[in-house]
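**Student:** The structure is given below, and queries will be raised subsequently.
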Amino acid sequence: VAVSGGEYAIGSGAYSSAAGSISNGEAVKVRATAAAEFATGQTVSLTIGGVTGEFTVTTAAQDITPNAIDLGTVTDVTPGATASSVSVGIEGITGAVPISVSNGTYTLGSGSPTSDAGTIENGQTVTVTGTAAATFATEIVVALTIGDTTENFSVTTVAEDTNPDAFELGATATVSAPG
621 VAVSGGEYAI GSGAYSSAAG SISNGEAVKV RATAAAEFAT GQTVSLTIGG
671 VTGEFTVTTA AQDITPNAID LGTVTDVTPG ATASSVSVGI EGITGAVPIS
721 VSNGTYTLGS GSPTSDAGTI ENGQTVTVTG TAAATFATEI VVALTIGDTT
771 ENFSVTTVAE DTNPDAFELG ATATVSAPG
């Protein structure tokens with residue numbers, strides 16, 4: 621018996637990768653250590669008496685699609701002010717998944733805000749921040765991309781108030797002209 625890419629055990633014996641012998645009627649089993657990467661196969665070849673059989677273990681594909689999130693919408697923001705989304709927990713992904721933002725910044729957990737691309741893992745929280753437009757009644761959109769999914773955070777400035785509040789001029793006075 622010879623094995624490559626893993627180990628074998630005869631009957632209820634211990635696993636080994638060393639060459640050995642087997643008798644007619646004995647059961648043999650093989651095992652392999654799965655690859656550390658997603659969607660990668662590891663093949664074990666077992667040869668008994670010149671006949672080779674293969675057993676392949678393949679790791680699952682990486683899930684880069686997070687469960688649905690809602691970053692919310694902020695309205696009536698003062699022009700030029702910053703506004704932040706609610707903090708949302710990211711679920712449904714496996715391993716480190718790419719994260720990026722356009723037109724704003726994101727913060728992972730209690731970390732520092734960044735606009736640089738990075739990675740996020742299942743269970744981490746993220747908050748998005750954007751700077752409102754400098755003009756009244758204008759929307760800006762911060763786009764957060766995690767894996768293959770983009771979620772938008774909308775920030776809209778307050779409408780311009782062109783109607784003054786009510787006021788009174790007060791009492792009238794009479795002024796006499798000299799002369």
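Numbering of the sequence shown is given in this note's numbering, commencing with residue 621 and proceeding in unit increments.
Even glycine gets a Cβ: it sits at the ideal position worked out from N, Cα and C.
Let me know if Ser-705 comes out buried or exposed under the rule of 16 or more other beta-carbons within 10 Å of its beta-carbon.
**Tutor:** For the purposes of this step, residue 705 is taken as the residue at position 85 of the sequence shown. By the neighbour-count rule (16 or more Cβ atoms within 10 Å), Ser-705 is buried.
**Student:** Which residue marks the beginning of the beta strand (DSSP E) containing Pro-718, and which one marks its end?
**Tutor:** On the sequence shown, residue 718 is found 98 positions in, with the first residue counted as 1. Segment 717 to 722, the beta strand (DSSP E) holding Pro-718.
**Student:** Since Thr-734 and Thr-725 are thought to touch, with beta carbons under 8 Å apart, how far apart are those beta carbons, to the nearest angstrom?
**Tutor:** Residue mapping note: residue 734 aligns to position 114 of the sequence shown, counting from 1. Residue mapping note: residue 725 aligns to position 105 of the sequence shown, counting from 1. Confirmed, Cβ separation roughly 6 Å.
**Student:** Please report how far the alpha carbon of Val-664 lies from the alpha carbon of Val-623, in whole angstroms.
**Tutor:** Locating residue 664 in the sequence shown gives position 44, counting from the first residue. Locating residue 623 in the sequence shown gives position 3, counting from the first residue. Roughly 7 Å separates the two Cα atoms.
**Student:** Considering Glu-771, what are the terminal residues of the beta strand (DSSP E) in which it resides?
**Tutor:** The sequence position of residue 771 within the sequence shown is 151, counting from 1. That run of the beta strand (DSSP E) goes 769 to 777.
**Student:** Use the C-beta contact count for Phe-787: other C-beta atoms within 10 angstroms, 16 or more gives buried, fewer gives exposed.
**Tutor:** Taking the first residue of the sequence shown as position 1, residue 787 is located at position 167. Exposed, by the Cβ-count rule.
**Student:** Let's test the definition: count the other Cβ atoms within 10 Å of the Cβ of Val-717 and tell me whether it reaches 16, buried, or not, exposed.
**Tutor:** The residue labelled residue 717 in the question sits at position 97 within the sequence shown. Buried is the call here.
**Student:** Between the stretch 660 to 680 and the stretch 749 to 764, are three or more C-beta pairs nearer than 8 Å?
**Tutor:** In short, these stretches do not touch, since the Cβ pair count stays below three.
**Student:** Between the Cα of Asp-696 and those of Thr-751, Ala-655, Ile-719, spot the shortest distance and give me the residue it belongs to.
**Tutor:** Here residue 696 refers to the residue found at position 76 when the sequence shown is read from its first residue. Answer by Cα proximity: Thr-751.
**Student:** How would you label Thr-777, buried or exposed, when you count the other beta carbons within 10 angstroms and need 16 or more for buried?
**Tutor:** Taking the sequence shown and counting its residues from 1, one reaches residue 777 at position 157. It is buried - the Cβ of Thr-777 has at least 16 other Cβ atoms within 10 Å.
**Student:** Does the Cβ of Gly-743 have 16 or more other Cβ atoms within 10 Å, making it buried, or fewer, making it exposed?
**Tutor:** Residue 743 sits at position 123 when you count from the first residue of the sequence shown. Exposed: under 16 other Cβ atoms inside 10 Å.
**Student:** For Ala-703 and Val-694, which I take to be in contact (beta-carbon distance under 8 Å), what is that distance rounded to the nearest angstrom?
**Tutor:** Here residue 703 refers to the residue found at position 83 of the sequence shown. Here residue 694 refers to the residue found at position 74 of the sequence shown. Your pair Ala-703 and Val-694 checks out as a contact, with CB atoms roughly 4 Å apart and the cut at 8 Å.
**Student:** Note the first and the last residue of the continuous beta strand (DSSP E) segment covering Tyr-628.
**Tutor:** Stepping through the sequence shown from its first residue, residue 628 is reached at position 8. From DSSP, the beta strand (DSSP E) with Tyr-628 extends over 627 to 630.
**Student:** Which term fits Leu-666, buried or exposed, when burial requires 16 or more other beta carbons within 10 angstroms of its beta carbon?
**Tutor:** Taking the sequence shown and counting its residues from 1, one reaches residue 666 at position 46. Under this definition Leu-666 is a buried residue.
**Student:** Tell me whether Gly-661 is buried or exposed, calling it buried when 16 or more other Cβ atoms sit within 10 Å of its Cβ.
**Tutor:** Translated into the one-based positions of the sequence shown, residue 661 becomes position 41. It counts as exposed.
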